[in-house]
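Under the working numbering, the first residue of the sequence shown carries the number 264, and numbering increases by one thereafter. Backbone N, C-alpha and C define an ideal beta-carbon position, used for all residues, glycine too.
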Amino acid sequence: MNERIVGFVMSGGVGSRLWPLSREDNPKQFHDLSGDGSMLVKTLQRLTARVGGETPVFLIASERHAERVSADLAGIDLRGGGALFEPVGRNTAAAVALATLRTLAEFDDALMLVVPSDHEISTTEQFWQTVEAGVPAARAGRLVVFGVKPTQPETGYGYIEVGTEQGGVFDVSRFVEKPDLATAETYLAAGNFYWNAGIFLFRASAMRDAFLSFRPEIWQATETAFKAATSDVSGLYMAQDLYEAIPSISIDYAIMERASDIAMVPAGFRWNDLGSWQSLLDVGPADKDGNVVIGDVVAIDCQNSYIRSQGRLLSAVGLKDIAIVSTVDATFVAPVSHSQNVRKVVEQLEKSGRLETKFTPAHDRVIENGSWRKRVRHWLFEETMPLWSTVGVDDRHGGFHEALGFDASPLMKPKRMRTMARQVYAFAVAKVRGWDGPADRLIAHGIDFIARHGRTDKGGWVRTMNVDGTVADPAEDAYDHSCVLLALAHAHMCGNPDALRLGQETFSFLDAHLEDERLTGFLEISGGKGERRSNPHMHLLEAFLAWHLATGDRTYLRRSARLVDLFRSHFFDRESWTLGEYFDDEWKPALGERGEWTEPGHHFEWASLLVNFAERSGQADLAGYARKLYASAIANGLNRATGLAYGAVSRDGLPLDGVSRSWPQTEAIKAAIALDGTGGPDLKPEIEARVGRLFRWHIDPAPVGLWIDRIDERGRSQATEVPASIFYHLVTALTQYLDKTEETGKGRPA
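Now the structure itself:
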């Protein structure tokens, strides 16, 4: 009877060289790449197929894959083995140390075989013959590795240089990192270099002693985590804080490149790590022209190409030696000989926080809380803020540009007061959230421009200025005054010396010239009569709450309460749960379609403001109103094709404006954040989905730092420019998202 060998399969890698198919949530070991089952299942079956010796098999896997792993293990007899789950990846040294500790605890000083889960080995009998050939060396205390005789100058593999051979076992001279092509060619010609198969055989005590000699801190940290582990029927689980304390390094760097007297056994089996699209082309079922074609593909006059579609129809004509891999949300195209460089693409995507490297698209996927943090932070602080704080600033005439083109060039358009104020607000919010750009200078720049050019004789603010600052429209609009007040409140919180005085002057003007003499809200413009709107009142509520935050003065809460009373008594329809937009002078709904007009984006805005006011005033029943507004907008205000909020719908839910602008999507994020934790359902998955849709439709298709403002009912861009007025919506929503996911804590780190 052969002696016991305890098998360990490492299933922690991502397989980034096979992106976009292989991703963090569904790495390559879970894929069926050769048509006969997943690589993980085949590896487990290979280890349990040993003849004539006891071989318990364990799997070391990521805890995030526990459900998938449990399903795969259900049909496999692991001979008394099981699963060990890592809460976070700490590279292969930690995995090998964990495996060694488990072996010593349960099987004493047994032999251990550690193998990757994502290699293609088609000859199981020859695999075990090769392993058994290394047993005598391992039994004698040597660390044994296995090498594959190279057949071409491969640059994607590490190499083993060997020296003296005795009984079919070689002494290892050195391990060599992945070489360039010229170096690989010299290795091939030398004849004493082998590809490193990444398979290890050793006695448990030999690996323990190696750790204690070369990296004792890894062994000690892993031992601490192992001793505190908990288990259930599905496997062994390590505490995250203890496992995170283990240094992250590969077993090659930590041990193998330092140890002496390492033995190598040449592989007598067919091996491929399936680590590139070239390798899949080599082993896949090729047609008469040498193409491997998988999925919904039409290929005409193509040769020696790997063409794979995981979703929609993919067509190709006249390709030679090309890899094309298309999934629902990403496509990779490269010469097959360059397909190893997909890692560079993945690195660039990960740097910018793109989720296409992490999550496989699925219509029913619940993304983890905080999944978008890195992408949001990168886009906001490394792409968008730098652009709008430079190109978006009018250094010649003052203020900020009203819009940019998609080439990021300023458009010479009249400057609306609301836009100037919103830019000041956005830079103030960004400063508070940690942006290290010149926020104070930009705030002062904006305030100086509107104060010099935008004041009226009565102490109010004009509606619009020309590019050079001359007045284009002198109307004193309540909406614009709400934006100015909002900006000044946040500028005051940032320490601007003029903001408080200007704010007080604006409140004086508001009370004297814009307040309805009947004390029923505010007029549209100074001296105006006739049609009234709820929207300026919503933005005034936003401004009043900002001044309460800035000063702590409850006078601003009392101002807010009067607007909330208007909401209760006139704006909100209790039967349809909708918010009216247009009213007559007596606050009755306007006649005709305007009286039926409701905007989902404003439902979302009001919802978050009502929750905010409720938290400060103690009027807890307002959370119920907020939930009704949110529910109404979600039920009747979304385009089901895109998941985006329409511009407007009737009170009965019929689309009146089918264009989806970017700002309602940001307000949907804010509303979900505000409502989460107010007694209703858990909205964290909804928050992630809303952020995802904003990026999918409005941000990712646009040039860096810009956005697509208008999307039609079929998902097509209708935008011709990028309006600066949307910047504040994006900054507010995305900084609130960062605050929310940091607060709840356990999302993916930024």
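Item: Pairing CB atoms from the stretch 517-529 with CB atoms from the stretch 467-477, are three or more of them under 8 Å?; Value: yes
Item: Given a cut-off of 8 Å on the beta-carbon distance, is the pair Gln928 and Leu957 in contact?; Value: yes
Item: DSSP beta-bridge partners for Tyr457?; Value: Ile423
Item: For chain B, find out if any of its Cβ atoms is closer than 8 Å to the Cβ of Ser578; answer yes or no.; Value: Any reference to chain B falls outside this structure, which holds one protein chain only.
Item: For a quick check, are the C-beta atoms of Ser745 and Ala806 less than 8 Å apart?; Value: yes
Item: Thinking C-alpha only, which one of Arg313, Lys694, Leu786 is nearest Phe390?; Value: Arg313
Item: Take Tyr688 and list the residues in its own chain whose beta-carbon comes closer than 6 Å to its own, dropping the five residues that flank it on each side.; Value: Leu749, Ala750, His753, Tyr991
Item: Using a Cβ distance threshold of 8 Å, determine whether the stretch 485-498 contacts the stretch 560-574, with at least three qualifying pairs required.; Value: no
Item: Going straight from the alpha carbon of Asp963 to that of Ala324, what length do you get?; Value: 33 Å
Item: When the distance is taken between beta carbons, is Leu537 closer than 8 Å to Lys291?; Value: yes
Item: Less than 8 Å separating the beta-carbons of Asn316 and Glu266?; Value: Here the sequence assigns Gly to residue 316, which means Asn is not the residue at that position. Yes. Within cutoff.
Item: With a 10 Å radius around its C-beta and 16 neighbouring C-beta atoms as the bar for buried, classify Asn455 as buried or exposed.; Value: exposed
Item: From Leu1001 to Arg715, what does the alpha carbon distance come to, in whole angstroms?; Value: 35 Å
Item: Counting along the chain, where does the beta strand (DSSP E) carrying Asp736 start and finish?; Value: 734-736
Item: Could you tell me the distance, in whole angstroms, from the CA atom of Glu844 to the CA atom of Phe690?; Value: 30 Å
Item: From Pro677 to Phe846, what distance separates their C-alpha atoms?; Value: 29 Å
Item: Quick check on the burial criterion: 16 or more other C-beta atoms within 10 angstroms. Buried or exposed for Glu891?; Value: As written in the sequence, residue 891 is Lys, which differs from the Glu given in the question. The residue in question, Lys891, is buried, as its Cβ has 16 or more Cβ neighbours within 10 Å.
Item: Out of Pro966, Ile512, Ser279, which has the shortest C-alpha to C-alpha gap to Glu1014?; Value: Outside the shown range of the chain (264 to 1013) lies residue 1014, about which nothing can therefore be said.
Item: Three Cβ pairs or more, each shorter than 8 Å: is that satisfied between the stretch 433-451 and the stretch 407-424?; Value: yes
Item: Flag Asp524 as yes when its Cβ comes closer than 7 Å to any non-hydrogen atom of the ligand ATP, and as no otherwise.; Value: As far as ligands go, the structure on display features none, and thus does not contain the ligand ATP.
Item: Thinking C-beta only, is Ser539 closer than 8 Å to Gln603?; Value: yes
Item: Output needed for Glu428: all residues of its chain with C-beta closer than 8 Å, excluding positions within five of it in sequence on either side, in chain order.; Value: Asp434
Item: Enumerate in chain order the residues of its own chain whose CB-to-CB distance from Asp743 is below 6 Å, with the five nearest sequence positions on each side excluded.; Value: Met680, Arg681, Trp724, Arg726
Item: When you compare the stretch 439-455 with the stretch 567-577, are there three or more beta-carbon pairs, one atom per stretch, that lie closer than 8 Å?; Value: no
Item: Which class does Leu322 belong to by DSSP, given the choice of helix, strand or coil?; Value: strand
Item: Taking contact to mean at least 3 C-beta pairs separated by less than 8 Å, is the stretch 892-910 in contact with the stretch 848-865?; Value: yes
Item: Quick one: what does DSSP say Val314 is sitting in, helix, strand or coil?; Value: coil
Item: In the DSSP assignment, find the unbroken beta strand (DSSP E) run with Thr783 in it and report its ends.; Value: Element bounds for Thr783: n/a, residue is neither H nor E.
Item: In the structure shown, what three-state DSSP assignment does Ala445 receive?; Value: helix
Item: What did DSSP end up calling Met501 once you bin it into helix, strand or coil?; Value: coil
Item: What residues are listed by DSSP as bridge partners for Gly270?; Value: Val320, Leu376
Item: Just tell me which of Asn535, Ala337, Val320, Gly700 has its CA closest to the CA of Leu347.; Value: Val320
Item: Whose C-alpha, out of Arg286, Leu284, Gly276, is nearest the C-alpha of Leu322?; Value: Gly276
Item: Pull up the distance between the alpha-carbon of Ala467 and that of Tyr500, whole angstroms please.; Value: 21 Å
Item: State the CB to CB distance for the pair Ala937 and Asn875, rounded to an integer number of angstroms; the pair is presumed to be in contact (CB under 8 Å).; Value: 7 Å
Item: Apart from the five residues on each side of it in sequence, which residues of its chain come closer than 6 Å, Cβ to Cβ, to Leu341?; Value: Val320
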